[in-house]
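Engineer: The structure follows.
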Amino acid sequence: MGVRLKDRLGAGPTLVVGAVVVAIFALDALLAPLVAPHDPLHGELARRLLPPVWMGGSADYLLGTDGLGRDVLSRLVWGARVSFGLGLAGAAIAAGVGTALGMVAGWWEGWLDGLLGRLADFLLAFPMLIFAIGVITALGSGFWNLILALSLKSWVEFMRLVRGQVLAHKQLVYVDAAHALGRSGAGILAWEILPNIFHGVLVLATLRVGYLIIAAASLSFLGLGVQPPTPEWGAMVNDGRNFMLSAWWLSTFPGLAIVVLVLGLNLLSEGLHELLDPRFRDPGIPR
Numbered sequence: 169m170g171v172r173l174k175d176r177l178g179a180g181p182t183l184v185v186g187a188v189v190v191a192i193f194a195l196d197a198l199l200a201p202l203v204a205p206h207d208p209l210h211g212e213l214a215r216r217l218l219p220p221v222w223m224g225g226s227a228d229y230l231l232g233t234d235g236l237g238r239d240v241l242s243r244l245v246w247g248a249r250v251s252f253g254l255g256l257a258g259a260a261i262a263a264g265v266g267t268a269l270g271m272v273a274g275w276w277e278g279w280l281d282g283l284l285g286r287l288a289d290f291l292l293a294f295p296m297l298i299f300a301i302g303v304i305t306a307l308g309s310g311f312w313n314l315i316l317a318l319s320l321k322s323w324v325e326f327m328r329l330v331r332g333q334v335l336a337h338k339q340l341v342y343v344d345a346a347h348a349l350g351r352s353g354a355g356i357l358a359w360e361i362l363p364n365i366f367h368g369v370l371v372l373a374t375l376r377v378g379y380l381i382i383a384a385a386s387l388s389f390l391g392l393g394v395q396p397p398t399p400e401w402g403a404m405v406n407d408g409r410n411f412m413l414s415a416w417w418l419s420t421f422p423g424l425a426i427v428v429l430v431l432g433l434n435l436l437s438e439g440l441h442e443l444l445d446p447r448f449r450d451p452g453i454p455r
């Protein structure tokens, strides 16, 4: 078994690369007070728009400064905490709500399944950004309202995935055996079915973190997300768009951070899928 696990892990560079990229950003977010060389909110107008150090800028500001003289590197580091936190919190809430509703809908079916299905269809009719803009307009901008706006619609994908898995699994022999042993429906869902479908939820959640990071950055770029002076990558891209010709680094570096982190999350999601899905573990199972 150990050899087989080693072979599977060794054959999955996608998982390793994705995990390393995500781990770097996660450590950056957790250790922001130690990693950031300067206060991300403190600016000196005398040092505004300094270029990166390799373009002749100051060694104290490796990635230059913004229009208010704030250190770009420090704001990138602290921005990882905000942007990563938005994606993780939104995906966690959506996964929890969607998984619970999907299990209920798939197990008991009936009118509740129909009601949740119609609600899901209604929410899917709205593009994510349009829906989030409507929610933020009603509730106001801010970190927690942004998380709520992102998660209110994202649970639908988890509900549909889990519902379909529950419908398939409750027809299998191990569920009949659990019934014969006298387990309740809730017990079978929690202790029998959920462990067998959790890998799919985890893979989807990892993928959704990246999607929600992009959505949060888009809303912040429009001025509807996290408000200044809090460092957030989407807002940083917006701050630098008026200086693209004279200070390209202001928008480029936070934009690259979004691209690299989301790419890492996508690679991690794909690697987890290959590692955890039984169809990849056993070549005899059709995909």
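So the sequence shown is numbered by the numbering used here: it starts at 169 and just counts up by one.
Ideal Cβ positions, reconstructed from N, Cα and C, are used throughout, including at glycine.
Quick caveat, the model's predicted, so the values are computed rather than measured.
Give the straight-line distance between the Cα atoms of Met296 and Asn434, rounded to the nearest whole angstrom.
Structural biologist: Indexing the sequence shown from 1 puts residue 296 at position 128. Indexing the sequence shown from 1 puts residue 434 at position 266. C-alpha separation (whole angstroms): 19 Å.
Engineer: Compute the Euclidean distance between the alpha carbons of Ala227 and Leu392, then round it to the nearest angstrom.
Structural biologist: As a first step, residue 227 must be located in the sequence shown, where it is residue number 59. As a first step, residue 392 must be located in the sequence shown, where it is residue number 224. Each residue's Cα considered, the two are about 34 Å apart.
Engineer: Mark Ser242 as exposed unless 16 or more other C-beta atoms lie within 10 angstroms of its C-beta, in which case mark it buried.
Structural biologist: Position 74 of the sequence shown, counting from 1, holds the residue named residue 242. That one is buried.
Engineer: Out of Phe326, Ile298, Thr305 and Leu424, point me to the one whose CA is closest to Leu231's CA.
Structural biologist: Here residue 231 corresponds to residue number 63 of the sequence shown, with the count starting at 1. Of Phe326, Ile298, Thr305 and Leu424, the residue nearest in Cα terms is Leu424.
Engineer: Helix, strand or coil: which one does DSSP assign to Gly247?
Structural biologist: As a position in the sequence shown, residue 247 is number 79, starting the count at 1. Three-state DSSP puts Gly247 in a helix.
Engineer: So the candidates are Ser437, Phe311, Leu443 and Leu362; which of them puts its Cα closest to the Cα of Leu269?
Structural biologist: In the sequence shown, residue 269 corresponds to position 101, counting from 1. Residue Leu362 is the option with its Cα nearest to Leu269.
Engineer: Decide if Pro399 is buried, meaning its Cβ has at least 16 other Cβ atoms within 10 Å, or exposed.
Structural biologist: Position 231 of the sequence shown holds residue 399. It counts as buried.
Engineer: If you run the structure through DSSP and keep just helix, strand and coil, what is Thr374?
Structural biologist: Here residue 374 refers to the residue found at position 206 of the sequence shown. Reduced to three states, the DSSP call for Thr374 is helix.
Engineer: Pick from Val430, Trp416 and Leu436: whose alpha carbon is nearest that of Ala235?
Structural biologist: If you number the sequence shown from 1, residue 235 lands on position 67. For the sequence presented, residue 235 should be read as Gly rather than Ala. Ranking the options by Cα distance to Gly235, first place goes to Trp416.
Engineer: Since Ala317 contacts Ala300 with CB under 8 Å, what's their CB separation in whole angstroms?
Structural biologist: The residue you call residue 317 lines up with position 149 of the sequence shown. The residue you call residue 300 lines up with position 132 of the sequence shown. With 8 Å as the limit, Ala317 and Ala300 qualify as a contact, their Cβ atoms being about 4 Å apart.
Engineer: Apart from the five residues just before and just after Thr182, which ones in its own chain have a Cβ nearer than 6 Å to its Cβ?
Structural biologist: For this step, residue 182 is matched to residue 14 along the sequence shown. Counting only Cβ-Cβ distances below 6 Å, and skipping sequence neighbours, we find Leu435, Glu438 and Gly439.
Engineer: Write down the C-beta distance between Ile261 and Ser352 rounded to the nearest angstrom, noting that I regard them as a contact closer than 8 Å.
Structural biologist: Against the sequence shown, residue 261 aligns to sequence position 93. Against the sequence shown, residue 352 aligns to sequence position 184. 27 Å between Cβ atoms; not a contact.
Engineer: Using a Cβ-Cβ cutoff of less than 7 Å, which residues in the same chain neighbour Val203 once the five nearest sequence positions on both sides are dropped?
Structural biologist: For the purposes of this step, residue 203 is identified with residue 35 of the sequence shown, where counting begins at 1. Closer than 7 Å at Cβ, skipping near neighbours: Asp196 and Val245.
Engineer: Look up Gly278 in the DSSP assignment and say whether it is helix, strand or coil.
Structural biologist: Taking the first residue of the sequence shown as position 1, residue 278 is located at position 110. Three-state DSSP puts Gly278 in a helix.
Engineer: Could you tell me which of Ser309, Phe366, Gly224 and Val369 sits nearest to Pro396, measuring between CA atoms?
Structural biologist: The residue given as residue 396 occupies position 228 in the sequence shown. Minimum Cα distance to Pro396 is reached at Ser309.
Engineer: So for Gly232, helix, strand or coil by DSSP?
Structural biologist: On the sequence shown, residue 232 is found 64 positions in, with the first residue counted as 1. Looking at Gly232 - three-state DSSP - the assignment turns out to be coil, as it is neither helix nor strand.
Engineer: Using the three-state DSSP reduction, which class does Gly170 fall into: helix, strand or coil?
Structural biologist: The residue you call residue 170 lines up with position 2 of the sequence shown. Residue confidence is low: Gly170 scores 43 on pLDDT, short of 50, so the model does not pin down where it sits. No coordinate-derived value is stated.
Engineer: To the nearest angstrom, how far is it from the Cα of Ile356 to the Cα of Val221?
Structural biologist: For this step, residue 356 is matched to residue 188 along the sequence shown. For this step, residue 221 is matched to residue 53 along the sequence shown. Each residue's Cα considered, the two are about 60 Å apart.
Engineer: Tell me whether Asp239 sits in a helix, a strand or coil according to DSSP, three-state version.
Structural biologist: The residue you call residue 239 lines up with position 71 of the sequence shown. Strand.
Engineer: Taking Gly237 as the reference, which of Met327, Ala248, Asp207 and Gly224 has the closest Cα?
Structural biologist: Against the sequence shown, residue 237 aligns to sequence position 69. Of Met327, Ala248, Asp207 and Gly224, the residue nearest in Cα terms is Asp207.
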